[in-house]
Amino acid sequence: MKRYLYSLPQEIKFLNNIFFFLLCSCAFVAQSQTIIKGKISENKTNEAIPFVNVTILGTTQGVQSDVNGNFMITVKEYGSGKIQFSSVGYRNEIKSFKKDITQTIVIRLTSTTQNLSEVVVKGKKDKYRNKDNPAVALIRKVIDHKDDNRKEGLDYYQYEKYEKLQLDLSNIDDAYKNKKIFKNFQFIFDNLDTAKLTGKVSLPLYLKETVSDVYFRKSPREEKSYIKGEKKVGLEQFLDNNGMGAYLNRMYEDVNIYDNNISLLSQQFISPISPLSPTFYRFVILDTLQHDGVKCINLGFSPRNQADFAFVGTMYVAMDSSYAVRRIKMGVPKNINLNFVMGMEIEQEFQPTANKFSMLAKDEIIVEFNLFKTENSRGVIGKRAVSYRNYKLNNPIDNEYFKPIQKNVLTENAYVRDESFWNEARHQQLSRVETNIYQMADSIQKVPAFKRAMKIAGLFLFGYSEFGTFEIGPVNTFYSFNPVEGFRLRLGGRTMAKLNPRLYFETYMAYGFKDERWKGFGALTYNLGKNSIYEFPNNYLRVSYQDEVRIPGQELQFIQEDNFLLSFKRGVNDKMTYNKVLRVDYRKESRSGISYEIGLKNLSQEAAGSLTFQKVGKLDGIVITDKTVTSTELSFNLRFAPNEQFYQGKNYRIPIINKYPIFQARYTLGIANILNSGYNFHNITLRANKRFFISPIGFTDVTAEGGRIFGKVPYPLLMIHRANQSYSYQLESYNLMNFLEFVSDQYAGLFVDHYFNGFFFNKIPLVKKLKLREIITFKALYGSLSDKNNPNLNPDLYKFPTNEEGQLLTHSLNNGPYMEASIGIGNILKFFRVDLVKRLSYLDNPQVSEYGIRGRFKMDF
Numbered sequence: 021m022k023r024y025l026y027s028l029p030q031e032i033k034f035l036n037n038i039f040f041f042l043l044c045s046c047a048f049v050a051q052s053q054t055i056i057k058g059k060i061s062e063n064k065t066n067e068a069i070p071f072v073n074v075t076i077l078g079t080t081q082g083v084q085s086d087v088n089g090n091f092m093i094t095v096k097e098y099g100s101g102k103i104q105f106s107s108v109g110y111r112n113e114i115k116s117f118k119k120d121i122t123q124t125i126v127i128r129l130t131s132t133t134q135n136l137s138e139v140v141v142k143g144k145k146d147k148y149r150n151k152d153n154p155a156v157a158l159i160r161k162v163i164d165h166k167d168d169n170r171k172e173g174l175d176y177y178q179y180e181k182y183e184k185l186q187l188d189l190s191n192i193d194d195a196y197k198n199k200k201i202f203k204n205f206q207f208i209f210d211n212l213d214t215a216k217l218t219g220k221v222s223l224p225l226y227l228k229e230t231v232s233d234v235y236f237r238k239s240p241r242e243e244k245s246y247i248k249g250e251k252k253v254g255l256e257q258f259l260d261n262n263g264m265g266a267y268l269n270r271m272y273e274d275v276n277i278y279d280n281n282i283s284l285l286s287q288q289f290i291s292p293i294s295p296l297s298p299t300f301y302r303f304v305i306l307d308t309l310q311h312d313g314v315k316c317i318n319l320g321f322s323p324r325n326q327a328d329f330a331f332v333g334t335m336y337v338a339m340d341s342s343y344a345v346r347r348i349k350m351g352v353p354k355n356i357n358l359n360f361v362m363g364m365e366i367e368q369e370f371q372p373t374a375n376k377f378s379m380l381a382k383d384e385i386i387v388e389f390n391l392f393k394t395e396n397s398r399g400v401i402g403k404r405a406v407s408y409r410n411y412k413l414n415n416p417i418d419n420e421y422f423k424p425i426q427k428n429v430l431t432e433n434a435y436v437r438d439e440s441f442w443n444e445a446r447h448q449q450l451s452r453v454e455t456n457i458y459q460m461a462d463s464i465q466k467v468p469a470f471k472r473a474m475k476i477a478g479l480f481l482f483g484y485s486e487f488g489t490f491e492i493g494p495v496n497t498f499y500s501f502n503p504v505e506g507f508r509l510r511l512g513g514r515t516m517a518k519l520n521p522r523l524y525f526e527t528y529m530a531y532g533f534k535d536e537r538w539k540g541f542g543a544l545t546y547n548l549g550k551n552s553i554y555e556f557p558n559n560y561l562r563v564s565y566q567d568e569v570r571i572p573g574q575e576l577q578f579i580q581e582d583n584f585l586l587s588f589k590r591g592v593n594d595k596m597t598y599n600k601v602l603r604v605d606y607r608k609e610s611r612s613g614i615s616y617e618i619g620l621k622n623l624s625q626e627a628a629g630s631l632t633f634q635k636v637g638k639l640d641g642i643v644i645t646d647k648t649v650t651s652t653e654l655s656f657n658l659r660f661a662p663n664e665q666f667y668q669g670k671n672y673r674i675p676i677i678n679k680y681p682i683f684q685a686r687y688t689l690g691i692a693n694i695l696n697s698g699y700n701f702h703n704i705t706l707r708a709n710k711r712f713f714i715s716p717i718g719f720t721d722v723t724a725e726g727g728r729i730f731g732k733v734p735y736p737l738l739m740i741h742r743a744n745q746s747y748s749y750q751l752e753s754y755n756l757m758n759f760l761e762f763v764s765d766q767y768a769g770l771f772v773d774h775y776f777n778g779f780f781f782n783k784i785p786l787v788k789k790l791k792l793r794e795i796i797t798f799k800a801l802y803g804s805l806s807d808k809n810n811p812n813l814n815p816d817l818y819k820f821p822t823n824e825e826g827q828l829l830t831h832s833l834n835n836g837p838y839m840e841a842s843i844g845i846g847n848i849l850k851f852f853r854v855d856l857v858k859r860l861s862y863l864d865n866p867q868v869s870e871y872g873i874r875g876r877f878k879m880d881f
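Residue numbers (my numbering): 21 to 881.
Here it is as structure tokens:
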């Protein structure tokens, strides 16, 4: 790998600095600003003081320090030129500041004894108590009244929602701008800005705007969002822009402070208003104040364990008997078990409507992402700003609005709205910097150096490289090896939409130097939809032919079987088949979540390696060896995945997991006497999977499946259960099962994976600094083989494979379920997971292991 990296042109260095951040997440030169930041601590103990009020004297401008005593304020009104620090239980401190520069100051406050008998502002952990704590009594009042204050308690509501999502490359300095790799890109630095969260100079790179009408009905419960307009920077020819937007929407979900758990960054955080919050949070009363004419108490909160998925911040609680939250500002502790996040700020404002019910008026989330989590390295700042207006509460809504199955309904022409629409639809106009992001995105794509850089990125990040109207790849399949083919070379590619947006051609050729045999694949797809076949939703007709080697019982997720890394396998895996497959498929998807696929397949399986297709003759009892097994199958696959979203890669889709279940049903009809097929049968399989969030102890992924074959078929056409003999941990395969070890004609399987997200490790001194996460899994497979499909009772069926000693290698599950369990440690160095897997049954089968170590690469927040 290194020899290729050393020879790359300057464009790959550009990608290292910009393109990576486009995936994880282009006016005027920023004017000089006055930025004050620093840390506030106690004078004697040097301990950080949270929730200190920081104000510019003579103005209304101010902020509060976070749980670690840190603060930052961008001065817009200078007032007296002095800044004040105040907190209950401490003497006020006043400092002068300089204008038009960024400055850091250290503040030490001296404690007083006044009012300390009423509230606990700061103390050691062993002195904090919930009992007789007025702050805890107050939060219990908020919890008791939450159902009265949450908007979901209303019978109906509707409003207009305007959302703006932006990504900036942060920490841009002169040395960075003057690098040679940016020689042809200097115009992008004409659009610099200053990040609100960090005060660092940032470069805007991505902007997405959405305006929609939201309708809610309590009974039966339904919520629909009609997207009237959506606009974003266009990098579609290089990135899956729709998938990128979907991924960002999953990361930046709507925050409902009244929910018990809050989803952010694909994680679940326990809410400070959850009934469990007094157990997991500390609360302090900071101040009493007037907010929008209502007397409020400023309540501070922070997690008892700084590594847990919980928030730190303050909320204004109305003291008008409603105990409603009128304002909340919160973030995450510095030591939270959260990857790549340097800082987070969530701010919400609630305002009373005509009937005095408080509804969300402003919602803003800012997150700074950094791969190395160091102050001087560059990262990405993501900002989501939402505003709400035109509330209508408890006015009955026509049932027509709730008829669509999908939650988010895309209205006609939503993607092609003109500027006059946006000038009227925006709740606030874009700044000059934001406006120029669209222009910069168009300009940068016209630079030849950028195009070359994106081609290189396509090869290394997606596996494909563009050559005119054709793409070569995927690169990770160019070389591999296995016991049957030996050393294997492969080369292929496909046409692109710019050649013909309706017709797509895909092909590859491969050659094995041990079996001295050519393999290949060709597919012609006719696109019936308006978008690319590599975008959701699909609507296409495809004809394909493949001549390839395959391991029976190996089914992989998001990866090709001839991937180089999967060449390394444990045990003996020389039982394969040469498959010749002719297929005709029609696929139709919809945004409602319902999709279906109709297929006709002719499959010819030829035994390869040490695998044989042998049976006993009916008349003379002589063993007969057949070369191939041929079947013709008509199939129908139905899938329901409500509100499902993807990041669409070049080779496969990466599902963005949410809280909704996914259901699948498949029916296959085997037809004899067509294209040399010799078997009539019916095959029905059902499958369901769902993620269950169990905050604060993580989440559980559950998959249940089952199936049955009606008819008499040889073992290559039975259900060959998914095995894994690689050293990679496969989520929905049996990791200590051998290939072709078990077959059934009826079965039920269960996969359970629970991710604790560091719930236990976070409580162990020193260990918690490693940010490790615990995982436990259990997998069970029940199955049976009917007498008519048992070769021991039917000599005319192919005998199960055996090893050199004559021991059976393929078995039924008639003697009980196959089970395995594992204990894993995830988030090792933020990218790696290791599992100790134990096989719990069928330990006497030949060539099996009771224990195994498996690894998996995975990047999580």
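Cβ coordinates follow ideal geometry from the N, Cα and C atoms, glycine included.
Proximity to residue i [Cα-Cα], best of the options
i, options, result
"residue 506", "407, 848 and 596", "596"
"residue 402", "188, 369 and 433", "188"
"residue 321", "685, 406, 374 and 70", "70"
"residue 522", "304, 504 and 548", "548"
"residue 701", "383, 713, 735 and 781", "735"
"residue 821", "791, 629 and 783", "629"
"residue 243", "318, 726 and 428", "428"
"residue 541", "534, 527 and 553", "527"
"residue 685", "126, 725, 236 and 804", "725"
"residue 707", "687, 714, 694 and 713", "687"
"residue 835", "812, 828, 802 and 842", "802"
Residue interval of the alpha helix (DSSP H) (run including residue i)
i, result
"residue 160", "154-164"
"residue 297", "297-300"
"residue 441", "439-445"
"residue 194", "194-197"
Enclosing beta strand (DSSP E) for residue i [first to last residue]
i, result
"residue 703", "701-713"
"residue 685", "682-690"
"residue 830", "Looking at the DSSP string, residue 830 is not in any beta strand (DSSP E), and its letter there is neither H nor E."
"residue 567", "559-570"
"residue 490", "490-492"
"residue 871", "871-877"
"residue 627", "614-629"
"residue 486", "485-487"
Inter-residue Cα distance where the pair is residue i and residue j
i, j, result
"residue 280", "residue 56", "36 Å"
"residue 654", "residue 605", "10 Å"
"residue 341", "residue 168", "11 Å"
"residue 386", "residue 796", "33 Å"
"residue 611", "residue 658", "14 Å"
"residue 837", "residue 738", "17 Å"
"residue 3", "residue 372", "No statement about residue 3 is possible, as the shown extent of the chain runs from 21 to 881 and does not include it."
"residue 111", "residue 130", "6 Å"
"residue 537", "residue 682", "41 Å"
"residue 652", "residue 566", "15 Å"
"residue 603", "residue 464", "42 Å"
"residue 828", "residue 516", "49 Å"
Check whether residue i and residue j have beta carbons under 8 Å apart
i, j, result
"residue 771", "residue 717", "no"
"residue 124", "residue 58", "yes"
"residue 288", "residue 719", "yes"
"residue 648", "residue 632", "no"
"residue 361", "residue 389", "yes"
Exposure of residue i, with buried meaning 16 or more beta-carbon neighbours within 10 Å
i, result
"residue 807", "exposed"
"residue 396", "exposed"
"residue 313", "exposed"
"residue 103", "buried"
"residue 344", "buried"
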